[in-house]
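So the structure is just underneath, and the comments pick up after that.
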Amino acid sequence: MKSFLLAPLLFCCSFLVWSHGYVESPESRSYYCKQGLNTHCGPVQYEPQSIEGQKGFPQYGPADGKIASAGIAAFSPLDTQTDNRWKRVILNSPNVKFKWRITARHKTTKCEYFITKPDWQPNALLSRDQFTLTPFCQFERVEFPKEIVEHHCVLPKSQKGYHVILAIWTIDDTVNAFYQVIDTQIN
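When you line the sequence shown up against the UniProt record's numbering, it's residues 1 to 187, in that order.
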């Protein structure tokens, strides 16, 4: 009887330990999956906080074509990229407040935000060639003492229309970072 009750408790606790963080606003692709506004997403709909891969983007990190999933096979539906596949967040101002929901705290090196180039191809897989490889916004040595972390950023003026923002939370004391892509319509 005791082992029967212990197994669900261990599963619950291990899930909490391995949970990490996701961008809640503007809504990331994975968060829209969690809300059911993006469909056919696979298991990421239950764990948008788990998109974790090697840190060091753009030199390292997920392979081209696997950036949205951070190279995690179970999350590969996120890597599908077409002009009309994903729900977009409407951005009417260049001033954007990014809100991360942190489900497990980690010592942080930095948070960075990249955006697709003005001439990117929305029907091609996300790759380094699609992104401006200099972050348009960056915060270094940020502590995550709370469940919600906010960053105020200004979008580049050259981007209008459909663009993908890549948000990366780089962890200091592991070899990994958390990757979130945000589909936006910039007016």
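All C-beta atoms, glycine included, are put in the ideal place defined by N, C-alpha and C.
Treat the numbers as computed from the prediction; the structure is a model and nothing was measured.
Candidates the options: which alpha carbon is nearest residue i's?
i, options, result
"Leu125", "Pro77, Phe139 and Phe178", "Pro77"
"Lys110", "Thr174, Ile72 and Asp129", "Thr174"
"Lys55", "Gln121, Glu112, Ile148 and Asn38", "Glu112"
"Asp119", "Ile72, Leu166, Ser30 and Gly161", "Gly161"
"Glu140", "Lys117, Asp172 and Arg29", "Asp172"
"Cys137", "Ser127, Ile115 and Gln121", "Ile115"
"His152", "Ser30, Gly42, Ile72 and Phe98", "Phe98"
What's the gap between the Cα of residue i and the Cα of residue j?
i, j, result
"Arg85", "Leu91", "18 Å"
"Leu155", "Ala74", "31 Å"
"Leu10", "His106", "Low local confidence applies: a pLDDT of 39 at Leu10 is under 50, so the model's placement there is unreliable, with the coordinate-based value given in what follows. When rounded, the distance between both Cα atoms is 21 Å."
"Pro94", "Ser25", "15 Å"
"Thr184", "Phe178", "19 Å"
"Leu166", "Glu150", "16 Å"
"Pro43", "Gln159", "32 Å"
"Asp83", "Thr103", "31 Å"
"Phe15", "Trp169", "Note that Phe15 scores a pLDDT of 34, beneath 50, so its modelled location is shaky; the value from the coordinates is reported in the next line. Between Phe15 and Trp169, the C-alpha separation is close to 20 Å."
"residue 194", "Lys146", "A query on residue 194 cannot be resolved here, the shown segment of the chain reaching from 1 to 187 and no further."
"Glu59", "Ala68", "For the sequence presented, residue 59 should be read as Gln rather than Glu. So the two alpha carbons sit approximately 16 Å from each other."
"Ser3", "Gly36", "With a pLDDT of 47 at Ser3, under the threshold of 50, the modelled position of that residue is not reliable, and no figure is offered here."
"Glu52", "Lys157", "30 Å"
"Tyr22", "Asp79", "17 Å"
Where does residue i sit, in a helix, a strand or coil, going by DSSP?
i, result
"Tyr113", "strand"
"Asp129", "helix"
"Pro79", "Residue identity differs from the one stated: residue 79 is Asp in this sequence, not Pro. If DSSP states are grouped into helix, strand and coil, Asp79 belongs with the helices."
"Gly71", "coil"
"Ile182", "strand"
"Ser50", "helix"
Where does residue i land, buried or exposed, given buried means 16+ other C-beta within 10 angstroms?
i, result
"His20", "buried"
"Ile186", "buried"
"Tyr46", "exposed"
"His40", "exposed"
Are any of the Cβ atoms in chain C nearer than 7 Å to that of residue i?
i, result
"Lys157", "Any reference to chain C falls outside this structure, which holds one protein chain only."
Note the first and the last residue of the continuous beta strand (DSSP E) segment covering residue i.
i, result
"Ser30", "Careful: Ser30 lies outside any beta strand (DSSP E), inside the alpha helix (DSSP H) at Arg29 to Gln35."
"Glu140", "Cys137 to Glu140"
"Leu166", "Gly161 to Ile171"
"His106", "Careful: His106 lies outside any beta strand (DSSP E) and carries neither H nor E."
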